[in-house]
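The next block holds one structure in the form of structure tokens; read it before the comments.
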Amino acid sequence: MINVLHIAGSFQPGGGIDRVIYNYFSYIDHSRFRFNVLCHKCDDRAYAEKIEEYGGEVMCLPQLTGSSLLSSFQRVEEILSASRYDVVHCHMANAAFL
1 MINVLHIAGS
11 FQPGGGIDRV
21 IYNYFSYIDH
31 SRFRFNVLCH
41 KCDDRAYAEK
51 IEEYGGEVMC
61 LPQLTGSSLL
71 SSFQRVEEIL
81 SASRYDVVHC
91 HMANAAFL
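For the sequence shown, full-length UniProt numbering gives the first residue as 1, with consecutive numbering after it.
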């Protein structure tokens with residue numbers, strides 16, 4: 001099983017990157033790939049529910065602000081340390097903090 005983590009600003013219907021991730025997920029072989037998503041916004045959980053239905057996980061962080069930057073960084077570090085991802089695909093312009 002290949003474990004993939006997608007990092008995006010949001011993961012809900014309506015966004016372009018959100019739709020790209022969802023389309024990837026819709027057409028992959030679920031017996032070979034496991035998708036997880038880490039994002040800052042997932043108020044509408046329609047996409048998340050589909051990922052979770054196939055054993056993936058959608059994790060939401062608080063919006064990035066000056067005061068949340070350190071805690072968000074620590075949470076990302078925890079997630080990456082706890083899971084063995086084969087691929088981490090970041091769809092955010094401010095990914096440099098990773």
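Backbone N, C-alpha and C fix where the C-beta goes; we use that ideal spot for every residue, glycine too.
Integer Cβ distance of residue i from residue j, believed to fall under 8 Å
i	j	result
Ile21	His6	5 Å
Val4	Val76	Not quite, the Cβ-Cβ distance comes to about 16 Å (not below 8 Å), so this is no contact.
Residue span of the alpha helix (DSSP H) that contains residue i, given as start and end
i	result
Leu80	69-82
Residue j beta carbon less than 7 Å from that of residue i
i	j	result
Val58	Ala46	no
Asp44	Gln12	yes
Gly16	His40	no
Ile79	Phe33	no
Gly56	Asn36	yes
Collapsed DSSP secondary structure at residue i in the structure displayed
i	result
Gly16	helix
Residue span of the beta strand (DSSP E) that contains residue i, given as start and end
i	result
Gly9	2-10
His89	87-90
query = Which runs of the alpha helix (DSSP H) spanning at least 4 residues fall entirely within the region 25-57, listed in chain order?
reply = 46-53
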